Each structure stands twice: as structure tokens, then as C-alpha cells.
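Enquirer: Residue numbers (the working numbering): 23 to 216.
Virtual Cβ for every residue (Gly too), placed ideally from N, Cα, C.
Note that the coordinates shown come from a computational prediction; the quantities given were computed from them, not determined experimentally.
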Amino acid sequence: MAEENKNGAAPATEVEPQDAPEELKAASEEAAPPSDVESEPEQEPQISTFERLKLFLAETNKFLLMYDDLVENKDKHKSVFLCAVNELRERLVTLLQRYILHTMVKEDFLYKHIVCCGGEDAEAINTEEFEEHYQEVHSEADKAISLPELDEIRAYSAEVKTYIELGKAMNNDLIFSLKRLLRKSNSVLAGHLG
Numbered sequence: 023m024a025e026e027n028k029n030g031a032a033p034a035t036e037v038e039p040q041d042a043p044e045e046l047k048a049a050s051e052e053a054a055p056p057s058d059v060e061s062e063p064e065q066e067p068q069i070s071t072f073e074r075l076k077l078f079l080a081e082t083n084k085f086l087l088m089y090d091d092l093v094e095n096k097d098k099h100k101s102v103f104l105c106a107v108n109e110l111r112e113r114l115v116t117l118l119q120r121y122i123l124h125t126m127v128k129e130d131f132l133y134k135h136i137v138c139c140g141g142e143d144a145e146a147i148n149t150e151e152f153e154e155h156y157q158e159v160h161s162e163a164d165k166a167i168s169l170p171e172l173d174e175i176r177a178y179s180a181e182v183k184t185y186i187e188l189g190k191a192m193n194n195d196l197i198f199s200l201k202r203l204l205r206k207s208n209s210v211l212a213g214h215l216g
């Protein structure tokens, strides 16, 4: 009998299951809850603390090498560069203060370090005053400006923000590179070439 089923025509009961899988699939799809894997965006792979440090140090050193070239032609669109560099500077200060409090100015936001308008005899203003000045004077005119140099500065600034949020380690090499970058940023904000 078993041989008859293998060699002979399939019984009628076996024909029905061929149609049944489609019905079963439809029924099982309705009964099963939707998969969370499909609806969730892919999560970033977990990076170890020291791997993240290594990657951030490499990114920082790469940016440090490009920095002078990025800010070289800042005078043409000075206010936009000052805004981007000031945002970067604030993030650098935040990150450095986490690890080297004893050598940083505690009330750094009051530090008058930005020279925007007025040429040689312009007074330096602090971050808060610069933000007000930028909104009043430059904001509308600067909306249409898009430069690759600014994109690079903003991209690295975003990397610093990410490291502030996720980074847990620091070493002397990174502190040294961040301090160099902070000095260069201060120089640009004060009206000198970075």
C-alpha cells in the first residue's frame, strides 16, 4: 500500500494540502503579531568603549589636519563660519570639562572670545552675545549659504556631540588633540587665522 501511494497517483486528500498552505499562511499571518524586526530601524552595532575612543581619536586627528584649510577662506562668509566654529568650540569645551576640570575656565560661556563685525577695533563678545548678534544681523542673509567647508565643520561637531553622549573613555592623545583644536577654534573666533 505504501508503494502504491509513492508510485501511483496521489490520493485526493494529498491534493487539498497543496491549496491549504496558502490558506494556512494567510491564517497564520493574521494570527501572528507583526514582526518588530521589520518595523524597527536598524540599530547601530555596539562599539566597545575603547574602540569608540580609537575611532573618535582618528576622526579628531583627521579633522585637525584639515582644519586650517577649512577655515582659510572664512572672511568671505565670516558670520556663518563663526557660528559653526563657535558651536564646535562649545562642544569641545563641554567634552574637555568632563575630563580636565582643573585646567578649564568654569564659566566659559562668559569668556569674551568672538570678534564678528567692526574690523580691527571691534570688541570681543561672549557666546550669548554672539548668538543674539547673529540672529539680529546675520541669520537671514546666511540661510542660503552652503559651503563644503561648513559641512565638514558641522559633521565633526556632530561627532563631538555623539562622543559627549556615548563616549566613556579619554586618553592623553585625545585630550592633546582636542586642546589643539580648541586653541585653533579660539584663534578663528578671535579674528585670527586658525
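Below 7 Å CB to CB, which residues in the same chain sit around Tyr185 once its five sequence neighbours on both sides are set aside?
Expert: Here residue 185 corresponds to residue number 163 of the sequence shown, with the count starting at 1. The residues are Phe78, Leu117.
Enquirer: Report the residue from Ala191, Lys183, Leu196, Met192 whose alpha carbon sits nearest the alpha carbon of Arg111.
Expert: Within the sequence shown, the letter at position 89 stands for residue 111. Among Ala191, Lys183, Leu196, Met192, the Cα nearest to that of Arg111 is on Lys183.
Enquirer: Can you look up Gln68 in the DSSP assignment and give me helix, strand or coil?
Expert: The count along the sequence shown starts at 1 and reaches residue 68 at position 46. Coil.
Enquirer: Classify Leu220 as helix, strand or coil using the three-state DSSP reduction.
Expert: Examination of residue 220 is not possible in this model, given that the chain is present from 23 through 216 alone.
Enquirer: For Ala191, which of helix, strand or coil comes out of DSSP?
Expert: By one-based count along the sequence shown, residue 191 stands at place 169. Residue state, collapsed to three classes: coil.
Enquirer: Any idea if Thr82 is buried or exposed, counting beta-carbon neighbours within 10 angstroms, 16 or more meaning buried?
Expert: What you label residue 82 is simply residue 60 of the sequence shown in a count that begins at 1. Answer is buried; the Cβ neighbour count reaches 16.
Enquirer: Roughly how many angstroms separate the alpha carbons of Ile197 and Lys84, rounded to a whole number?
Expert: Residue numbering aside, residue 197 sits at position 175 when the sequence shown is read from its first letter. Residue numbering aside, residue 84 sits at position 62 when the sequence shown is read from its first letter. Whole-angstrom Cα-Cα distance: 15 Å.
Enquirer: With the cut-off set at 8 Å, would you say Arg74 and Ser179 are in Cβ contact?
Expert: Translated into positions along the sequence shown, residue 74 becomes position 52. Translated into positions along the sequence shown, residue 179 becomes position 157. It is not a contact, given that the beta carbons lie outside the stated cut-off.
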